[in-house]
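Novice: First the structure, which I've put down as structure tokens, then a few questions once you've had a look.
2 protein chains.
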Amino acid sequence: MSITSAATLATLHRTGPRRITDLAAIEGVTQPAMTVLVRVMEESGLVERRGDASDKRVTLVWLTEAGTSYVQARRQAGVDAFARLIDGLTDDEIEALEAALPALAHLAELEDQDRDREGPQR
Amino acid sequence: MSITSAATLATLHRTGPRRITDLAAIEGVTQPAMTVLVRVMEESGLVERRGDASDKRVTLVWLTEAGTSYVQARRQAGVDAFARLIDGLTDDEIEALEAALPALAHLAELEDQDRDREGPQR
DNA sequence: CGAGATGCATAAAGAGTTCATATAAATCTT
DNA sequence: AAGATTTATATGAACTCTTTATGCATCTCG
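Written out as structure tokens, the structure reads:
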């Protein structure tokens with residue numbers, strides 16, 4: 860399972876069914892790359908393709924039950940691993956980290972804006 | 860320039876000349892991959908190969924002037940980008956982040972230990 | 001209705017990787 | 001000290017994931 864595959868599944872889980880072109884743009888790969896990737900994930904039973912009634916050119920990609928389970932399991936594993944790490948900190952450290960959460964969120968937001976500004980050029 | 864290349868240059872800059880096998884282990888790729896990568900970086904003038912007097916099987920990889928400049932420029936660019944991000948925070952947020960630095964360092968250390976325990980098995 | 005734009009698929013090619021294996025040099029064994 | 005084994009690197013084939021170029025079907029707009 861490639862990184863891009865995992866990210867795409869997570870996007871589908873987070874935002875619902877999507878067309879190929881959207882997924883390619885979101886994950887930062889070309890459309891042909893996403894087409895191939897979706898085919899592989901379909902063969903693995905993680906997603907389904909369905910046509911879009913209002914535009915017959917469009918392929919909508921849906922997460923299957925298996926795909927949903929995969930995303931959830933992976934997410935849970937990540938949460939657990941992170942929780943174990945946090946558990947290794949001292950109480951003071953945990954408190955300091957908690958106090959810094961708004962700053963970290965703000966940093967993430969600022970970086971998103973940065974990417975929006977620089978991304979299209981690259 | 861691949862991610863592994865950049866990481867390898869940074870390692871050479873941080874720890875000095877290294878043999879191919881060491882670099883492969885540090886960067887988590889196979890030895891043949893590192894051999895190819897070093898050849899490409901040599902052709903780009905970023906590193907030099909030199910034999911090891913005490914063991915004629917060994918190829919020591921040295922950072923060239925150009926390689927050093929590259930690493931420094933890249934590092935500076937990263938530092939600048941991060942500084943710009945930080946500059947977008949409020950004073951309170953910066954203070955909170957500063958207070959959390961020991962916790963973050965501790966987290967990084969714990970994760971290193973995790974990788975040491977799980978890495979060899981995978 | 002026709003021209004151009006849009007969405008997806010496919011094929012070819014390139015980058016970066018692993019696995020299997022070869023070669024040379026060092027180290028161990030007896 | 002000779003032979004056997006291990007170690008360091010190189011090479012070749014194959015695989016994965018990617019991009020570019022391009023084709024086809026469908027939509028949109030004048």
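Those protein sequence lines, which keep their order, are chains A and B.
Each number in this note's numbering corresponds to the 1-based position in the first sequence with 859 added.
Each number in this note's numbering corresponds to the 1-based position in the second sequence with 859 added.
We put the beta carbon where it would ideally sit given N, CA and C, even for glycine.
Check the Cβ-Cβ distances between isoleucine 953 (chain A) and every residue of chain B, and say whether any is below 9 angstroms.
Specialist: yes
Novice: In terms of residue numbering, what span does the beta strand (DSSP E) encompassing glycine 982 (chain A) cover?
Specialist: Nothing in the structure corresponds to residue 982 (chain A), since chain A is present only between 860 and 981.
Novice: Mind listing which residues of the region 931-948 of chain A have their C-beta closer than 7 angstroms to chain B's C-betas, in chain order?
Specialist: Leu944, Gly947 and Leu948
Novice: So does the region 914-923 of chain A actually touch the region 875-894 of chain A, counting three or more Cβ pairs closer than 8 angstroms?
Specialist: As far as the Cβ criterion goes, the region 914-923 of chain A touches the region 875-894 of chain A, which means the pair count is three or higher.
Novice: Short check: CB of leucine 966 (chain B) to CB of glycine 937 (chain A), under 9 angstroms?
Specialist: The answer is no: Cβ separation not under 9 angstroms.
Novice: Residues of chain B with CB closer than 8 angstroms to the CB of glutamate 970 (chain A), please, in chain order.
Specialist: The answer, in chain order, is Leu944.
Novice: Once DSSP output is grouped into helix, strand and coil, what is the label at histidine 965 (chain A)?
Specialist: Shown here, histidine 965 (chain A) sits in a helix according to DSSP, grouped into three states.
Novice: Could you tell me the alpha carbon to alpha carbon distance between alanine 955 (chain A) and arginine 934 (chain B), rounded to whole angstroms?
Specialist: In a straight line, the C-alpha of alanine 955 (chain A) is about 28 angstroms away from that of arginine 934 (chain B).
Novice: Taking DSSP as the reference, what is the three-state secondary structure of valine 888 (chain B)?
Specialist: coil
Novice: Comparing C-alpha positions only, which one of B:Ala940, B:Val906 and B:Ala958 sits nearest to threonine 927 (chain B)?
Specialist: Cα-wise, what sits closest to threonine 927 (chain B) is B:Val906.
Novice: Taking its Cβ as the centre, do 16 or more other Cβ atoms sit within 10 Å of alanine 883 (chain B), making it buried, or is it exposed?
Specialist: buried
Novice: Excluding five sequence neighbours on each side, which residues of the same chain lie with their C-beta closer than 7 angstroms to the C-beta of glycine 904 (chain A)?
Specialist: Thr923 and Ala925
Novice: Among the residues of its own chain, which have a CB less than 7 angstroms from the CB of alanine 909 (chain A), if the five just before and after it don't count?
Specialist: In the sequence under discussion, the amino acid at residue 909 (chain A) is arginine, which differs from the alanine named in the question. Excluding sequence neighbours, arginine 909 (chain A) sits near Leu919 and Trp921.
Novice: Is the separation between the beta-carbon of proline 961 (chain B) and that of glutamate 957 (chain A) shorter than 9 angstroms?
Specialist: no
Novice: With a 10 Å radius around its C-beta and 16 neighbouring C-beta atoms as the bar for buried, classify glutamine 980 (chain A) as buried or exposed.
Specialist: Its pLDDT being 39, under 50, glutamine 980 (chain A) is placed unreliably by the model, and the measurement read from it follows with that caveat. That one is exposed.
Novice: So, does the CB of alanine 892 (chain B) fall closer than 9 angstroms to a CB anywhere in chain A?
Specialist: Chain A contact via Cβ: absent.
Novice: Which residue from A:Thr867, A:Glu968 and A:Ala959 puts its Cα closest to that of valine 899 (chain A)?
Specialist: When each option's Cα is compared against that of valine 899 (chain A), the closest is A:Thr867.
Novice: Taking the beta strand (DSSP E) that threonine 949 (chain A) belongs to, which residues open and close that run?
Specialist: Careful: threonine 949 (chain A) lies outside any beta strand (DSSP E) and carries neither H nor E.
Novice: Identify the residues that DSSP records as bridge partners of threonine 923 (chain A): which are they?
Specialist: Paired residue(s): none; threonine 923 (chain A) is not in a bridge.
Novice: Quick test of your reading: isoleucine 885 (chain A) and threonine 870 (chain A), contact by CB under 8 angstroms. State the CB separation rounded to the nearest angstrom.
Specialist: Rounded to the nearest angstrom, the Cβ distance from isoleucine 885 (chain A) to threonine 870 (chain A) is 6 angstroms, consistent with a contact under 8 angstroms.
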